[in-house]
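Trainee:
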Amino acid sequence: SIFAGDASVFVFSMHGRQNYPFKKIPSSLDIELETGTEDEEYLNLLRGAFPKLEEFDADFVFYQMGVDGLKEDSLGKLALSHEGLAERDRLVLTWCQEQRLPVVLALGGGYARPIEPTVRAYANTYRVARSLYG
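Residues in the sequence shown are numbered consecutively from 171, following my numbering.
1) In this structure, what does DSSP give as the bridge partners for Gly-186?
2) Just the Cα atoms here: how many angstroms apart are Leu-215 and Ser-171?
3) For Phe-232, name the three-state secondary structure that DSSP assigns.
4) If you run the structure through DSSP and keep just helix, strand and coil, what is Leu-271?
5) Thinking C-beta only, is Ala-249 closer than 8 Å to Thr-207?
6) Flag this pair as yes or no: are the beta carbons of Asp-259 and Met-235 separated by less than 8 Å?
7) Mind the definition here: the stretch 220 to 232 touches the stretch 281 to 292 only if three or more C-beta pairs lie below 8 Å; say whether that holds.
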């Protein structure tokens, strides 16, 4: 909500339609996902968003890569695999490279119990980043 109404910031969010917070502040581009959304649909929607992101003249990307979409995470309400999240990261970071945009990576949601799937997913994000950026 800090950037609501600020035309100098473009906020893109892909999130579960029925997860917390239940009343969401609109972003510049919101893609609301149905409960149980799996990798293929998620990744196709993400790919479809890139042309809209390119319309904004960004200086950098702040990528909050939440992993609460994992199938093992009961709060995120999605059904994404570790491979799907790694592909998400690969797509986003490759797009940033193609656009010549610097990236800031930040942890987002991730609430699996036990915590190991969350830790593994975050570690995979940094592995993907290292493979692309060296």
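Just so you know, even glycine gets a beta-carbon here, dropped at the ideal spot from N, CA and C. Everything numeric in this text was worked out from a predicted model, so none of it was measured.
Mentor: By the coordinates alone:
1) The residue labelled residue 186 in the question sits at position 16 within the sequence shown. According to DSSP, Gly-186 bridges with Leu-203.
2) As a working mapping, residue 215 is identified with position 45 in the sequence shown. As a working mapping, residue 171 is identified with position 1 in the sequence shown. Straight-line Cα distance between these residues: approximately 23 Å.
3) The count along the sequence shown starts at 1 and reaches residue 232 at position 62. Strand.
4) Reading the sequence shown from its first residue, position 101 is the one you call residue 271. DSSP places Leu-271 in coil when its eight states are reduced to three.
5) In the sequence shown, counting from the first residue as 1, residue 207 sits at position 37. In the sequence shown, counting from the first residue as 1, residue 249 sits at position 79. Taking 8 Å as the Cβ cut-off, Thr-207 and Ala-249 qualify as a contacting pair.
6) Numbered from its first residue, the sequence shown carries residue 259 at position 89. Numbered from its first residue, the sequence shown carries residue 235 at position 65. For Asp-259 and Met-235, yes; Cβs fall inside 8 Å.
7) no
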